[in-house]
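Worksheet: the structure to be examined is printed underneath.
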Amino acid sequence: MSKSYEGDGLQFQYPTTWALEREENENGWGITIQSPGTAFVLIVCDQDMPDSEELADATLQALKNDYPDLEFDPVIEDLCGQPSVGHNIQFFSLDLGNSCKTRCVYSQEGTILILSQVSDLEIEKYGPAMQALSSSLKIDDE
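Here the sequence shown is numbered in my numbering, starting from 43 and rising by one per residue.
Spelled out as structure tokens, the structure:
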């Protein structure tokens with residue numbers, strides 16, 4: 043079973059057992075979709091419309107500041123019918139391996155950052171739900 047989110051120029055499905063919180067910030071808004079464990083998806087809109095590559099690189103740098111030994115691969119892929127840029131990132135926290143994906147894409151609302159993170163211990167449990175959420179994402183272009 044899943045819940046639907048529709049607003050802010052976005053639509054997506056997420057599991058009923060996950061919690062969704064939306065908050066305004068100085069440059070737009072952010073939505074956190076939290077699993078019952080530690081896995082989560084963060085969707086942030088920066089209405090100042092920064093360059094998507096710059097936003098992806100700034101996000102990577104912020105993670106590098108916290109996890110200096112992280113490893114990453116740059117990624118360009120289709121997201122919601124348009125090119126997105128970001129990184130596939132691996133790092134250790136509290137002796138646990140973690141996988142993080144960042145993708146940035148433009149929308150009518152602003153530049154959208156999607157960050158998903160899951161530990162190696164939870165990837166089998168929550169990875170499919172995270173992929174389903176990402177696959178269900180639609181960004182209005184009108």
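In this text, a Cβ means the ideal position worked out from N, Cα and C, and glycines have one as well.
Have a look at the options and flag the residue whose alpha-carbon is nearest the alpha-carbon of residue i.
| i | options | result |
| --- | --- | --- |
| residue 112 | 135, 67, 92 | 135 |
| residue 104 | 167, 47, 129, 122 | 129 |
| residue 166 | 108, 106, 79, 157 | 79 |
| residue 156 | 171, 119, 86 | 86 |
| residue 77 | 131, 44, 149 | 44 |
| residue 52 | 158, 66, 149 | 149 |
| residue 133 | 83, 48, 160, 66 | 160 |
| residue 114 | 158, 131, 106, 100 | 131 |
Distance, Cα to Cα, residue i vs residue j?
| i | j | result |
| --- | --- | --- |
| residue 147 | residue 169 | 22 Å |
| residue 117 | residue 180 | 20 Å |
| residue 122 | residue 108 | 30 Å |
| residue 182 | residue 125 | 15 Å |
Under 8 Å by Cβ, that's how I've got residue i and residue j pegged, so tell me the actual separation to the nearest angstrom.
| i | j | result |
| --- | --- | --- |
| residue 88 | residue 69 | 5 Å |
| residue 127 | residue 81 | 23 Å between Cβ atoms; not a contact. |
| residue 144 | residue 102 | 7 Å |
Quick test of the definition: if touching needs 3 or more C-beta pairs under 8 Å, does the stretch 72-79 touch the stretch 43-62?
yes
Curious, which full-length alpha helix (DSSP H) runs of at least 4 residues does the stretch 72-152 contain?
Counting only runs of 4 or more, we get 94-108.
Any contact of the stretch 48-58 with the stretch 136-147, i.e. 3+ C-beta pairs under 8 Å?
Put simply, the stretch 48-58 does not touch the stretch 136-147. Fewer than three CB pairs are less than 8 Å apart.
Across the stretch 93-100 and the stretch 170-178, are there enough close Cβ pairs to call them in contact, namely three or more that are closer than 8 Å?
Put simply, the stretch 93-100 does not touch the stretch 170-178. Fewer than three CB pairs are less than 8 Å apart.
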